[in-house]
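**Student:** Residue numbers (UniProt numbering): 1 to 316.
Every residue, glycine too, gets a C-beta built ideally from N, C-alpha and C.
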């Protein structure tokens with residue numbers, strides 16, 4: 001097959017003609033924002049300085065033969081640490097209209113977002129506010145962990161499972177996210193996506209992997225992406241959060257002197273995601289409505305016409 005029979009990208013056509021202006025543009029933007037420009041591979045991380053899991057849902061091919069538009073639906077983690085250069089990039093390149101925070105109020109109060117000028121911030125919490133009860137002494141062993149964030153995570157493990165093992169215990173979290181409280185706010189988020197006709201929507205939770213990961217999965221399914229690709233996109237969070245898990249492991253071993261491998265592995269695990277977790281959410285949807293498609297139609301109240309409007313809005 002000759003090159004002429006293939007559909008070439010505009011960048012490659014410029015390269016063949018000796019026009020390297022696009023390289024200069026990319027290089028100049030890298031200097032302006034102080035990080036390299038992301039490529040256009042679906043699911044590629046946008047390398048903001050203050051986040052670890054910012055990704056564009058654009059580029060995925062649907063069963064209809066159409067692709068999701070770039071720079072319209074951006075999933076990310078907490079935006080409280082973004083830098084001035086990050087904000088400049090977000091405004092110049094992504095043109096956001098809305099930022100949707102899926103955390104509950106106490107999380108937002110403890111770790112507020114940084115304002116992005118011109119962007120409307122909305123709160124659609126997927127889980128009810130965390131309970132304030134202390135970890136009972138018999139619930140788990142005592143560890144000398146000075147890092148408040150890691151200590152609270154270890155306590156959380158023992159609230160979830162008596163042995164601190166999240167392998168299967170975290171499935172319950174995902175099942176709970178699709179119960180009525182989560183349904184209401186997932187529907188509100190998806191309705192916003194349906195009605196927004198220009199600019200992008202930034203959506204996030206804390207780490208950008210669980211609550212917003214399931215939101216991204218629902219969006220991709222409704223846009224016509226096959227289920228296996230949806231799960232693969234969900235699992236890409238592990239590539240971006242791996243370093244966070246490794247830092248936690250190093251701290252637990254070297255600073256807290258914890259030797260329980262089960263606890264260490266669970267702390268690393270909760271920094272990422274597992275296939276059985278999102279499959280548990282799909283299974284719960286099926287138990288509730290008979291299928292994931294029925295759940296979207298009957299519990300999230302999206303008709304065929306609504307879904308078509310969503311697709312026409314984001315597919316090309």
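Below 7 Å, is the gap between the Cβ of residue 199 and the nearest heavy atom of the ligand SAH?
**Tutor:** Because no ligand of any kind appears in the structure shown, any question about the ligand SAH cannot be addressed here.
**Student:** Mapping DSSP to helix, strand and coil, what is residue 109?
**Tutor:** Within the chain shown, numbered from 1, the residue matching residue 109 stands at position 109. When DSSP states are grouped into helix, strand and coil, residue 109 belongs to the helix group.
**Student:** Mind checking which residues open and close the beta strand (DSSP E) that includes residue 123?
**Tutor:** One-based indexing of the chain shown puts residue 123 at position 123. First-last of the beta strand (DSSP E) with residue 123: 120-123.
**Student:** Compare the beta carbon distance of residue 173 and residue 62 with 8 Å and say whether it is the shorter of the two.
**Tutor:** Here the question's residue 173 lines up with position 173 in the chain shown. Here the question's residue 62 lines up with position 62 in the chain shown. Not in contact: residue 173 and residue 62 (Cβ atoms no closer than 8 Å).
**Student:** Hey, how far is the Cα of residue 302 from the Cα of residue 294?
**Tutor:** Mapped onto the chain shown, residue 302 falls at position 302. Mapped onto the chain shown, residue 294 falls at position 294. Here the alpha carbon of residue 302 sits roughly 9 Å from the alpha carbon of residue 294.
**Student:** Between the C-alpha atoms of residue 307 and residue 178, what's the straight-line distance to the nearest angstrom?
**Tutor:** Taking the first residue of the chain shown as 1, we reach residue 307 at position 307. Taking the first residue of the chain shown as 1, we reach residue 178 at position 178. Straight-line Cα distance between these residues: approximately 19 Å.
**Student:** From the DSSP output, in three-state form, read off residue 193 for me.
**Tutor:** By 1-based counting over the chain shown, the position of residue 193 is 193. It is helical.
**Student:** Could you give the first and the last residue of the continuous alpha helix (DSSP H) run that contains residue 229?
**Tutor:** Indexing the chain shown from 1 puts residue 229 at position 229. 227-235 is the span of the alpha helix (DSSP H), which, as asked, contains residue 229.
**Student:** Please report the residue range of the beta strand (DSSP E) in which residue 84 lies.
**Tutor:** For the purposes of this step, residue 84 is identified with residue 84 of the chain shown, where counting begins at 1. Unbroken run through residue 84 is the alpha helix (DSSP H), 84-89; no beta strand (DSSP E).
**Student:** My output table needs one value for residue 170: the three-state DSSP class, helix, strand or coil.
**Tutor:** Mapped onto the chain shown, residue 170 falls at position 170. Residue 170 falls in the coil class under three-state DSSP.
**Student:** When you compare only the Cα positions, how much space is there between residue 166 and residue 209?
**Tutor:** As a working note, residue 166 is residue 166 in the chain shown. As a working note, residue 209 is residue 209 in the chain shown. About 15 Å.
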